[in-house]
Structure formats: C-alpha cells, structure tokens
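A.B. asks: For the sequence shown, position 848 (counting from the first letter as 1) is numbered 848 according to the UniProt record's numbering, and the numbering increases by one without interruption.
My structure is below; once you've seen it, I'll send some questions.
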Amino acid sequence: MTDAERQRLLDQLLELHFDLLDEPDASALRSRIEREPEVALLWQQTQRISDGLAQASRLDDPVAMVNVAGQRLAKPYQKRPLVAAALAACLGWLILAAGHLASRPAGPPMPIAIKARVDTQPDSSFAVNVQASPVSGTTTDFLVTPATLSFSVLNHRSVLFSGVVKTDVEGSVRIELPDQMVIPAETRLRIQAKQDSERSPSGTIEIPLPPTRCVTYLTTDRPLYAPGETVYVRSVTMTRVRQTAVVEVPIRYSLLRPDGPQVHSEVHEGVTQQGVGNTAFVLPADLDPGSYRVVAESLDGLFPSEQIPIEVKAFKRVTMAKSVLFDRRSYRPGEMVSATIRIKDLAGAPQMGARVTVQAIAGKSVLHRASGRSGDDGEFECLFRLPRSLMSDKARLSLEVAVGKVRESRSFPIPLVQGNPRVQFFPEGGELVAGLTNRVYVQTLDNSGAPVEISGEIVDEAESVVAAFTTNRDGRARFEITPALGKTYQWRSPTNDDAVSLPTAVADLPVIVTGKGVFGAHKPIEMVLRSLRSRAVVVHAVCRGRLLTRQNVLLHEGDNPISLEIPTDAAGVVRLTVFDDTDRPVMERLVYRKSQDTLKVSMNPILGEGSRRFRVQVSDPSGALSRAVLGVSVVNEEVAVQANQPRMTMPTFFRLGSEIANPEALENGDFYLSDQPESEVALDLLLATQGWRRFAWRGEGAMTSVNQKDLRERIVRLLSINGEGERQSVYTTDDEAKIQAWDEHLKASHESFRRMLVGGSIWTLIVFLLGSVWTWARHRRRWPRSVALLMVVVALAVPGCGQSQSTVITPSADYDTPSAVLPNTDLQDSPSTPSIMPDENEQATIEILQSLLLNGNSEAWFASQPITREKLQEMMVRRGLTPDTMADDLLAELRFPIRQYAYTAIEESVNEGSVPATLFWNPMLITADDGTAIIEFDVPDTVERLRWHIDVHASDGALGSWNSVRAVDPQMRPNRDLAD
1 MTDAERQRLL DQLLELHFDL LDEPDASALR SRIEREPEVA LLWQQTQRIS
51 DGLAQASRLD DPVAMVNVAG QRLAKPYQKR PLVAAALAAC LGWLILAAGH
101 LASRPAGPPM PIAIKARVDT QPDSSFAVNV QASPVSGTTT DFLVTPATLS
151 FSVLNHRSVL FSGVVKTDVE GSVRIELPDQ MVIPAETRLR IQAKQDSERS
201 PSGTIEIPLP PTRCVTYLTT DRPLYAPGET VYVRSVTMTR VRQTAVVEVP
251 IRYSLLRPDG PQVHSEVHEG VTQQGVGNTA FVLPADLDPG SYRVVAESLD
301 GLFPSEQIPI EVKAFKRVTM AKSVLFDRRS YRPGEMVSAT IRIKDLAGAP
351 QMGARVTVQA IAGKSVLHRA SGRSGDDGEF ECLFRLPRSL MSDKARLSLE
401 VAVGKVRESR SFPIPLVQGN PRVQFFPEGG ELVAGLTNRV YVQTLDNSGA
451 PVEISGEIVD EAESVVAAFT TNRDGRARFE ITPALGKTYQ WRSPTNDDAV
501 SLPTAVADLP VIVTGKGVFG AHKPIEMVLR SLRSRAVVVH AVCRGRLLTR
551 QNVLLHEGDN PISLEIPTDA AGVVRLTVFD DTDRPVMERL VYRKSQDTLK
601 VSMNPILGEG SRRFRVQVSD PSGALSRAVL GVSVVNEEVA VQANQPRMTM
651 PTFFRLGSEI ANPEALENGD FYLSDQPESE VALDLLLATQ GWRRFAWRGE
701 GAMTSVNQKD LRERIVRLLS INGEGERQSV YTTDDEAKIQ AWDEHLKASH
751 ESFRRMLVGG SIWTLIVFLL GSVWTWARHR RRWPRSVALL MVVVALAVPG
801 CGQSQSTVIT PSADYDTPSA VLPNTDLQDS PSTPSIMPDE NEQATIEILQ
851 SLLLNGNSEA WFASQPITRE KLQEMMVRRG LTPDTMADDL LAELRFPIRQ
901 YAYTAIEESV NEGSVPATLF WNPMLITADD GTAIIEFDVP DTVERLRWHI
951 DVHASDGALG SWNSVRAVDP QMRPNRDLAD
C-alpha cells in the first residue's frame with residue numbers, strides 16, 4: 001500500500017468513526033476491517049486519534065468508539081434538518097454581504113510609492129529611472145505592475161512637454177527628455193503613476209529640473225564710434241552642452257555709461273531667432289567721449305549677463321596704421337622699457353622713412369623724448385629707463401608720425417606695476433602632495449589684475465633653492481618640486497620686497513600629470529596618476545557639463561598611465577576630476593581638446609562696372625558647401641585701425657572664453673587656439689590656473705592663496721554657466737494627504753465588515769440554535785446535544801473575526817488636487833449661460849485677447865467679460881486659429897526684427913566730409929542650400945580698404961569665423977551716373 005493510499009484509507013476510517021459515510025461505503029469498510037490486518041491496525045490508530053480529539057475539545061462525553069469491527073454504533077443520522085439550517089444561515093450571510101457591499105464607502109485611488117533616480121550616464125539629455133511599488137506599511141497587498149506613468153514638464157502653469165510610458169513587470173521604466181528641449185528656471189518634472197485597472201492606485205512625484213544652461217556671444221559692428229553714430233549689436237545664444245543655436249531666448253539689451261547709468265532711458269527687448277538677437281542704439285550727438293558698455297541680459301535666466309566695451313570719441317581721417325609692441329607686459333619703476341613702433345599704410349605695407357616723434361609721459365612729467373625715421377620695415381625702436389620714483393601710477397607713450405604734409409598722432413598706455421605683484425601658486429590637480437613630484441603653475445597679477453612678468457626662486461627652510469621660474473607675457477609659468485611633509489617653501493625675488501609661501505604639502509593623495517594639457521581632435525585624453533600606495537579612484541571627464549566618460553582605476557605605487565576615450569564630437573575645455581573610494585573629489589584639472597568641426601568662409605567680389613555685390617560661401621571641414629547663419633560686418637579700415645584691442649572671435653569665445661574666468665582680460669584670446677607653436681604652452685598655463693578653483697567653491701581643500709574678491713567675481717560668472725553644483729539624485733513620494741485618505745477609507749471598510757460579521761454570527765447562532773432544539777425534540781438522542789454544543793462554540797467564535805484592528809500606513813507622497821495645481825482656476829461645476837457675441841465682434845475679441853496674452857492679463861479679462869473660454873474656442877476654430885498658431889503668431893511679434901544696413905552712394909553726397917565707418921551690417925544672413933549668400937553695398941571713393949568680419953554657425957553646432965582686410969577693387973566703385 002502506497003503512502004497516498006494509506007492516507008486516503010485513514011481519512012475514510014475517520015469518516016466511519018464519526019458516522020459520516022453512506023451505509024454501503026460503511027459496510028464495505030467494516031468488512032475490510034474484519035478481513036485485512038493492516039486495515040484493522042489503521043482502525044485502532046483512528047480510535048486513538050479520536051480519543052485525542054475528544055480530550056482536546058474537553059468534552060465530558062466522548063463519542064463511543066467501535067470496539068468490534070462490524071458492529072454499528074448508531075442509526076444513520078437524518079441530515080435534512082441540518083441542511084435546512086445551513087441553507088438558512090447561508091441565505092442570511094448573502095443578504096448581509098450584499099448590504100455590506102452596498103454601504104461600503106467609495107475609496108480613493110490606492111497610493112503607489114514612486115522612486116526616481118536621476119541618471120548620470122554619459123549623456124547630455126536629462127533622464128530618470130522610475131520604480132513604482134506599493135506604499136510601504138499598508139496592510140493591503142496589491143500589485144502595481146504593469147503601471148502607466150504620465151509625466152509632464154511644468155514651468156509655473158505651462159506644460160512644456162508631456163508623455164505616457166508603461167513600466168515593465170518589475171515596475172521600472174526610464175523617462176528621457178529630448179536633447180534639444182529648453183528648460184527654463186523653476187521647471188519641474190511631474191510623474192503620476194496609475195495601475196491598469198478599474199479602480200487604479202496612483203502616486204505623484206515632482207523632480208526639479210536643472211535649467212538649460214546657455215552661453216551668449218555679444219558683438220558690435222565695430223569697437224569705435226563717434227557721437228551721433230549708430231551702434232549695431234548682435235548676440236548669438238547657444239546651449240552650453242551641445243553648442244547648438246536652437247533656443248529662442250528673451251533678451252534685454254542696454255547701453256551703459258562708464259559709471260553705470262543707461263545712456264538711453266529705454267531698453268530693447270525681444271526673442272532670438274535661431275539663436276540670433278540684434279538691436280541698434282543711436283548715440284546722442286552730445287555724448288561725452290569715453291568707454292561705454294553694451295549689455296545683454298537673459299529675461300529667463302538661461303545665460304549669465306554678457307557685456308562688451310565700446311569706445312566713443314571723435315575720430316579723424318587717418319592714412320596710417322600705428323601700433324606699439326612692448327617687449328614686456330608690465331614694467332616696474334627703475335626698469336628699462338623697450339618699445340617697437342610699427343607704422344603701415346592702410347594697405348598693410350610698411351611706411352618707410354616716416355618722421356617719428358616719441359614722448360613718454362607720466363602725469364604732467366615727460367620721462368623721455370626721442371625722434372627719428374622709420375626703417376625699411378616701417379619700425380622705430382624706442383628705449384628708455386623708468387625713474388625709480390613715479391608720481392603717477394599711469395603713463396603713456398605719445399606718438400606723432402609725419403609723412404610729407406600729413407601728420408597723425410596717437411598715444412598708447414605704458415603698462416606700469418606699482419607695489420608688489422600678487423603671486424598665486426596652483427599645484428596641478430589642486431593640492432601640493434608630499435613625497436611626489438608635483439607640477440606647480442604660477443600666475444602673477446598687479447593690483448588692477450593685469451599680468452606681470454617676473455622671475456624668482458623657490459627656497460626651503462634651509463634657504464636652499466629647489467626650483468626657479470620666469471613668467472611669460474601673460475604672467476604665467478610652471479615649475480616642478482618634490483616637497484617634504486611638514487616643511488615650508490617660499491618664493492623670493494630680488495624685485496619683490498616680501499616672500500610668498502607655497503601651499504602646505506599634504507599627505508596620502510595622488511598627483512595628476514596631464515603632459516602638454518592640449519590634445520588633438522578625436523584623440524584620447526592621456527594622463528599620469530602618481531601615488532605612494534595602491535588605491536582605487538574614479539576619473540570623470542566632463543565637457544561643458546556633459547559627462548563624457550567615467551573610468552574606475554586601481555592605482556599602484558608609482559606612475560599610472562591612463563588613457564580616456566571620449567566621444568569624437570567632444571571638443572573644447574574638458575574638466576578632469578579624480579574621486580577617491582568615498583566619492584570625494586581629490587584632484588581636478590582643465591585640459592583642452594581641439595576641434596576639427598570648423599566652418600570655412602570665403603568671400604569674393606562679383607566684379608563689373610559699378611558692381612556692388614559680393615559672394616560669401618560657407619563650407620564644412622571636408623570642403624562641401626554648407627547651409628549656415630552668418631553675421632556680417634564690413635568696416636572702413638581707416639576707422640578700424642584706431643581701435644586699441646582686438647576682440648575674441650565667436651569660435652574662441654564658445655570653446656574657450658565661456659569656460660574660464662575673466663576672458664576679457666586676455667591680451668589676444670584667439671592666439672591660444674591658433675596654430676602658432678607657443679599657443680599650446682600658453683593655453684596649458686592658462687587652463688592650469690583655472691580648474692582647481694572649483695574645489696574652493698565646494699569648500700574642499702586648503703586653498704589659502706585665493707584672493708577672495710577675485711574668487712567671488714569668477715564664481716558669479718562660472719556658477720551661472722555651470723549651475724549650482726551637485727543636485728539631489730534620488731527622489732521619493734511623500735503623499736501624506738493621499739495616504740491619510742486611504743487610511744480613513746480602510747478604517748471605514750473594516751468597520752463595515754465588522755458589522756457584517758457580527759450580524760452574520762448572530763443570525764448563524766439563532767438558526768443553529770433553533771435547528772438543535774428541533775432536532776432534540778424530534779429524536780431525543782444524545783448526539784444532537786453534542787452537535788448543538790459545537791454550533792454554539794463556533795457561533796460564539798465567529799464574532800471574534802470582526803474585532804477592530806489597527807492599520808499603519810507610512811505617509812508617502814504629496815497629493816496635489818486640481819485646485820492646488822491650478823490655484824487660480826475654478827474647477828467646480830456650475831451652470832452658466834454664456835452670451836453669444838455678434839460675429840462682427842469676433843475678430844476684435846481675438847485681437848484683444850492676443851494683446852492681453854502678451855501682457856499676462858488674460859485671466860482678469862475673462863473674469864470681466866460675458867464670453868466664456870468655450871465660446872472663444874469656437875470662434876478661433878471658425879477662423880482657423882489653434883493654440884499652436886496663436887503661439888507662433890505671438891512669438892513672431894516678440895522676435896527681434898533683422899536690422900540690415902548697407903551703405904549707398906547717396907549717403908556720401910549727403911554726409912560730405914565725414915569719415916564713412918560701417919559699410920554693411922547684417923546680424924542674420926542665412927545662406928542658400930549651396931552655402932552661398934550675396935550681399936550688396938556701395939563703396940565710397942574715400943575708402944581704400946575694407947575690414948571684413950563674418951561669424952558663422954550651423955544648426956549642428958559647427959562654428960566658424962573669418963577676418964580679413966581687403967583692398968577695394970576699382971571696379972567696385974559706384975557708378976556716378978546711376979547714383980545721380
């Protein structure tokens with residue numbers, strides 16, 4: 001006999017013992033007990049089990065056991081009364097259950113706990129990984145997968161983007177926002193979860209989104225103006241990460257005086273188009289000479305304010321270009337000054353034999369006077385020594401150049417340094433580490449922030465020289481040192497009164513060495529990490545806020561070469577940060593990766609008698625013609641040569657200038673990205689004195705050599721571009737209101753269920769009590785008493801199931817009602833009888849609403865008008881208007897108009913005697929599909945050479961700039977017959 005057969009036989013014997021078998025089955029089983037010993041043995045075991053059950057139930061009269069197989073204990077039980085009682089009890093329970101379901105309160109949506117983790121993978125787009133699960137602490141066990149997640153990008157009351165996604169079987173899903181989406185400040189991502197069922201559980205979470213960071217390049221048609229002239233302004237705004245001009249940004253332009261107030265009372269505001277904004281300021285005719293500033297400000301905080309200086313003075317006609325090249329960037333009292341004066345005609349040829357008179361003037365004192373003639377190369381050398389004591393902190397070199405009867409003059413400032421320069425040391429990576437060879441970068445500035453050329457030695461406590469350096473023209477240098485722990489090192493110079501201490505050496509940190517610090521296009525970033533012991537670190541490479549790569553590295557004692565493969569499209573300043581095993585940044589360094597995505601520009605005149613047309617073509621690095629957006633400025637070289645300092649071009653600004661502090665202090669920003677051999681060294685020195693400041697912002701490290709005022713100025717600018725630093729990466733729901741509503745619902749449901757159980761228990765007790773009495777009266781046997789007693793016990797036990805139980809629910813999410821989301825919107829249903837406006841007034845109504853939308857007063861207008869939103873929507877549909885078309889129309893009204901200026905021959909006759917300056921200006925000239933654009937303007941007879949400046953950008957972020965000085969071809973002169 002198998003175990004299953006044995007168990008089945010044992011169950012049948014128990015049923016026989018309690019007289020639950022039909023008579024035929026009972027007779028067959030008794031026969032087997034008499035014939036089969038094994039069955040008899042099981043029958044004895046059944047009797048022992050029944051004895052145990054009887055003792056456990058504490059019955060005084062246990063049911064008599066059958067001692068002799070085959071002997072019946074009682075007559076068959078009559079089941080009809082019991083069945084009737086059971087049916088009556090079941091009917092009562094059904095009625096009570098129906099009443100319970102009908103009276104049960106309607107429940108709110110079941111809460112879902114949402115956990116969102118902001119993704120930090122190497123990708124510039126914003127993405128979150130969402131996990132939906134039941135709220136922890138609830139007594140209800142329900143599944144929420146698969147769930148539907150609806151998400152919306154909200155800015156105040158506007159929905160910028162929305163979508164719906166479904167979770168997988170584990171409740172997870174990834175939400176990604178478009179790469180090109182512009183996210184204003186104070187924008188949040190709202191995620192709502194609902195289960196796919198009739199009465200869906202729900203949950204809501206909001207995640208603050210980092211605003212889109214943009215950078216704006218600001219320029220004017222030229223840097224020098226005369227009072228009464230027009231200043232043409234152009235700005236190009238691009239996203240910082242991808243450097244694409246796809247954003248439409250509201251901008252305010254203003255023209256400020258040297259002391260701060262505006263020149264004009266009005267400001268110029270508008271919205272950019274393809275990243276380009278423009279305006280024009282007319283200078284007052286009585287404006288005082290001096291330096292002024294054009295300022296561009298973002299009205300929604302997408303980019304930090306940018307400004308560009310312009311100079312206002314009455315300029316005269318010139319025939320020569322004069323410049324001075326000092327052999328050093330700065331001089332101290334008592335030092336020799338060597339200046340090379342270069343004189344060229346406007347065609348760029350050296351002016352030989354020109355009579356040159358030079359005076360060095362400080363205050364009212366003449367320090368030096370010299371005269372002579374320029375050589376064959378058009379140069380004149382001036383050499384003199386500054387006095388050891390100067391009464392003024394400013395000096396200038398005044399020139400007078402005479403060629404024949406033509407005399408022209410110009411002055412240049414002499415860079416003077418008063419007092420001791422400020423010397424700053426920048427260990428590569430941020431810290432000076434004891435026991436390892438460190439590269440230390442140096443920057444020296446005077447009190448005005450100008451670079452100072454200086455030399456000196458590094459000495460230890462024993463006055464032994466351990467290193468020496470001499471700064472370049474930019475006031476920067478580099479040296480190597482292996483410091484000892486606990487020792488101090490100082491810089492000393494015979495020209496400096498005070499010694500300057502190096503940062504204190506620290507222990508147990510690695511050292512980073514980045515070689516030249518400048519890497520070729522599409523090349524990996526290579527570095528060396530030095531360490532005194534084995535350690536695990538993580539290296540991050542970030543370019544303009546975009547995480548390029550993250551690499552885990554196990555350092556060993558000594559030098560550890562590392563090569564970082566980064567995306568081929570990553571170019572510009574790259575920030576390298578090394579984290580220890582606790583995610584604490586321990587080193588940081590800025591390096592540069594060159595770009596090959598530079599657009600090329602060519603310009604050729606379309607020659608012909610009286611032709612005034614020029615052809616401009618744009619091509620990509622492969623030489624293929626490319627569609628692009630141009631900003632074109634053509635200026636009379638006679639005016640352009642009178643400006644002092646060249647401006648940084650657009651590609652240099654976006655790739656370098658926007659990533660460093662105080663870019664306007666660079667003598668020639670384009671030099672750092674040029675192909676000259678010294679440019680890479682200068683760029684490495686520049687970037688090594690920039691990146692480490694990020695540690696000072698976070699308060700990490702002992703950067704005691706930082707000038708606080710200088711640091712604050714850099715923080716204000718770079719934090720606006722980089723954002724607020726580290727943000728929260730994990731968000732969870734905190735819906736206390738919804739959890740409380742669900743808790744109240746559960747309590748009400750439990751109370752209703754308890755009342756149903758109590759009523760059912762009472763009904764069951766009454767039914768079976770009556771059934772037991774009837775059975776006792778009819779049969780008068782002992783076993784009904786046992787059955788009745790068992791029923792009473794069960795009936796009394798049943799009400800215990802309805803006792804109240806405490807329910808604990810952990811609060812888990814903010815529940816935003818519709819009125820909370822839209823506080824100014826009345827969401828209650830109320831009857832309304834909108835008035836029907838005459839059709840002839842529809843257009844006027846729509847125009848009024850469009851005007852009010854521009855000013856943000858539409859809500860107040862609706863409150864004061866009989867027309868409803870529904871009626872207005874019907875009017876808009878009849879006229880073919882949709883919200884999208886209205887938004888486009890309103891945006892078109894806000895965009896800056898394109899202000900093109902082209903010089904005509906008529907102006908020459910009207911403004912006879914004046915010096916023509918700007919001949920052509922177009923802030924947004926879009927080429928055709930073949931990359932070609934045609935521009936037209938007249939060239940006056942008095943202009944011999946033209947200075948062209950063209951900035952170009954494409955939709956994919958490619959940049960280019962072209963500067964050239966071209967002589968005017970005689971065929972480009974205007975046809976006087978046609979002009980008259």
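Using N, Cα and C, we set each Cβ at its ideal position, and we do this for glycine too.
Helix, strand or coil, according to DSSP, for VAL39 in the structure here?
C.D. replies: In the sequence shown, residue 39 corresponds to position 39, counting from 1. VAL39 falls in the helix class under three-state DSSP.
A.B. asks: Checking the sheet assignment: what are the DSSP bridge partners for LYS322?
C.D. replies: The count along the sequence shown starts at 1 and reaches residue 322 at position 322. BP columns for LYS322 point to ILE343.
A.B. asks: Is HIS368 helix, strand or coil by DSSP?
C.D. replies: In the sequence shown, the residue the question calls residue 368 occupies position 368. Correct three-state label for HIS368: strand.
A.B. asks: With a threshold of 8 Å, are at least 3 pairs of Cβ atoms found where one atom belongs to the segment 911–930 and the other to the segment 622–640?
C.D. replies: yes
A.B. asks: Taking only runs that begin and end inside the segment 434–499, name each unbroken beta strand (DSSP E) of 3 or more residues, in chain order.
C.D. replies: 438–445, 455–459, 465–470, 476–481 and 490–492
A.B. asks: Using DSSP bridges, identify the partner residues of SER964.
C.D. replies: As a position in the sequence shown, residue 964 is number 964, starting the count at 1. Answer is TRP948.
A.B. asks: Based on the DSSP secondary-structure assignment, which residues constitute the bridge partners of PHE384?
C.D. replies: Translated into positions along the sequence shown, residue 384 becomes position 384. Note: PHE384 sits in a beta bridge opposite VAL337.
A.B. asks: What are the boundary residues of the alpha helix (DSSP H) that GLY631 is part of?
C.D. replies: Against the sequence shown, residue 631 aligns to sequence position 631. Where GLY631 is concerned, there is no enclosing alpha helix (DSSP H), although the beta strand (DSSP E) it sits in stretches over 629–636.
A.B. asks: Identify which residue in GLY931, ARG947 and ILE906 has its Cα closest to the Cα of PRO940.
C.D. replies: The residue you call residue 940 lines up with position 940 of the sequence shown. The residue with the shortest Cα to Cα distance from PRO940 is ILE906.
A.B. asks: Between the segment 537–552 and the segment 513–523, are three or more C-beta pairs nearer than 8 Å?
C.D. replies: no
A.B. asks: Which first and last residues belong to the alpha helix (DSSP H) in which ARG8 is found?
C.D. replies: Here residue 8 is taken as the residue at index 8 of the sequence shown, counted from 1. Counting along the chain, the alpha helix (DSSP H) containing ARG8 begins and ends at 3–17.
A.B. asks: In angstroms with no decimal places, state the Cα-to-Cα distance between ASN289 and PRO227.
C.D. replies: Within the sequence shown, the letter at position 289 stands for residue 289. Within the sequence shown, the letter at position 227 stands for residue 227. Sequence inspection shows Pro at residue 289; the Asn mentioned does not correspond to that position. When rounded, the distance between both Cα atoms is 8 Å.
A.B. asks: Taking the C-alpha atoms as reference points, what is the distance between PRO211 and SER409?
C.D. replies: Numbered from its first residue, the sequence shown carries residue 211 at position 211. Numbered from its first residue, the sequence shown carries residue 409 at position 409. Computed Cα separation, rounded: 51 Å.
A.B. asks: I need the boundaries of the beta strand (DSSP E) containing SER298, first residue and last residue.
C.D. replies: Against the sequence shown, residue 298 aligns to sequence position 298. In the DSSP assignment, SER298 falls within the beta strand (DSSP E) that extends over 290–298.
A.B. asks: Grouping DSSP H, G and I as helix and E and B as strand, with all else coil, what is LYS594?
C.D. replies: Numbered from its first residue, the sequence shown carries residue 594 at position 594. If DSSP states are grouped into helix, strand and coil, LYS594 belongs with coil.
A.B. asks: Going by CA-CA distance only, name the one from ALA434, ARG332, GLY430 and LEU397 that's closest to LEU386.
C.D. replies: On the sequence shown, position 386 is the one that residue 386 refers to. Checking every option, the nearest Cα to that of LEU386 belongs to ARG332.
A.B. asks: Any chance the segment 436–453 sits against the segment 471–491, with 3 or more Cβ pairs inside 8 Å?
C.D. replies: The segment 436–453, when compared against the segment 471–491, does touch it at the 8 Å Cβ threshold.
A.B. asks: Just to confirm, are GLU311 and SER291 a CB contact at a threshold of 7 Å?
C.D. replies: Position 311 of the sequence shown, counting from 1, holds the residue named residue 311. Position 291 of the sequence shown, counting from 1, holds the residue named residue 291. Their beta carbons are under 7 Å apart, which means GLU311 touches SER291 by this criterion.
A.B. asks: Tell me which same chain residues have a C-beta within less than 6 Å of the C-beta of GLU248, skipping the five on either side of it?
C.D. replies: Numbered from its first residue, the sequence shown carries residue 248 at position 248. The residues are VAL271 and THR272.
A.B. asks: Is the Cβ-Cβ distance between VAL215 and SER658 less than 7 Å?
C.D. replies: Taking the sequence shown and counting its residues from 1, the one referred to as residue 215 is at position 215. Taking the sequence shown and counting its residues from 1, the one referred to as residue 658 is at position 658. Yes, Cβ-Cβ distance for VAL215 and SER658 is below 7 Å.
A.B. asks: Are the CB atoms of PHE469 and ALA688 within a distance shorter than 7 Å?
C.D. replies: For this step, residue 688 is matched to residue 688 along the sequence shown. For this step, residue 469 is matched to residue 469 along the sequence shown. No, the pair does not count as a contact, with Cβ atoms beyond the cut-off.
A.B. asks: Is the distance from the Cβ of GLU335 to the Cβ of LYS516 below 7 Å?
C.D. replies: Translated into the one-based positions of the sequence shown, residue 335 becomes position 335. Translated into the one-based positions of the sequence shown, residue 516 becomes position 516. Contact: no.
A.B. asks: Tell me the start and end of each unbroken beta strand (DSSP E) in the segment 909–941 that is at least 3 residues and wholly inside, in chain order.
C.D. replies: 918–926 and 932–936
A.B. asks: Run the CB neighbour count on ILE512, radius 10 Å, all protein chains shown included, and call it buried at 16 or more, exposed below.
C.D. replies: To locate residue 512, count along the sequence shown from 1; it is residue 512. That one is buried.
A.B. asks: Buried or exposed: where does ARG213 fall if 16 or more other Cβ atoms within 10 Å of its Cβ makes it buried?
C.D. replies: By 1-based counting over the sequence shown, the position of residue 213 is 213. In the assembly as shown, ARG213 is a buried residue. Its beta-carbon has 16 or more other beta-carbons within 10 Å.
A.B. asks: Is the beta carbon of PRO413 closer than 7 Å to that of THR444?
C.D. replies: What you label residue 444 is simply residue 444 of the sequence shown in a count that begins at 1. What you label residue 413 is simply residue 413 of the sequence shown in a count that begins at 1. No, these two residues do not count as a Cβ contact at 7 Å.
A.B. asks: Could you tell me which residues DSSP pairs with HIS268 in its beta bridges?
C.D. replies: As a first step, residue 268 must be located in the sequence shown, where it is residue number 268. DSSP output for HIS268 lists TYR253 as bridge partner(s).
A.B. asks: If we count the other Cβ atoms within 10 Å of its Cβ and call it buried at 16 or more, is ILE934 buried or exposed?
C.D. replies: Working through the sequence shown from its first residue, we reach residue 934 at position 934. It counts as exposed.
A.B. asks: So is GLU453 buried or exposed if we call it buried at 16+ other beta carbons inside 10 Å?
C.D. replies: On the sequence shown, position 453 is the one that residue 453 refers to. Counting Cβ neighbours within 10 Å, GLU453 comes out buried, since at least 16 surround it.
A.B. asks: Exposed or buried, ASN636, counting other C-beta atoms within 10 Å across all chains shown (16 or more means buried)?
C.D. replies: Locating residue 636 in the sequence shown gives position 636, counting from the first residue. Flag for ASN636 reads buried.
A.B. asks: Which whole-angstrom value describes the C-beta separation of PRO561 and VAL586, a residue pair presumed to lie in contact below a C-beta threshold of 8 Å?
C.D. replies: On the sequence shown, position 561 is the one that residue 561 refers to. On the sequence shown, position 586 is the one that residue 586 refers to. That belief does not hold up - the Cβ atoms of PRO561 and VAL586 are roughly 19 Å apart, past 8 Å.
A.B. asks: Using only CA atoms, which one of ARG575, GLY419, LYS405 and GLU557 lies nearest to ARG550?
C.D. replies: Along the sequence shown, one-based indexing puts residue 550 at 550. The residue with the shortest Cα to Cα distance from ARG550 is ARG575.
A.B. asks: Helix, strand or coil for THR187, going by three-state DSSP, please let me know.
C.D. replies: Your numbering for residue 187 matches position 187 in the sequence shown. In the structure shown, THR187 sits in a strand (DSSP, three-state: E or B).
A.B. asks: Which whole-angstrom value is the C-beta distance of PRO510 and GLY960, which I expect to be below 8 Å?
C.D. replies: By 1-based counting over the sequence shown, the position of residue 510 is 510. By 1-based counting over the sequence shown, the position of residue 960 is 960. Between GLY960 and PRO510 the Cβ distance is about 40 Å, and since that is not below 8 Å, they are no contact.
A.B. asks: Taking DSSP as the reference, what is the three-state secondary structure of VAL246?
C.D. replies: What you label residue 246 is simply residue 246 of the sequence shown in a count that begins at 1. Three-state result, VAL246: coil.
A.B. asks: Applying the 10 Å Cβ sphere with the 16-neighbour rule, what's the burial state of PRO897?
C.D. replies: Within the sequence shown, residue 897 is the residue found at index 897, counting from 1. Classification of PRO897: exposed, given that the 10 Å Cβ count is below 16.
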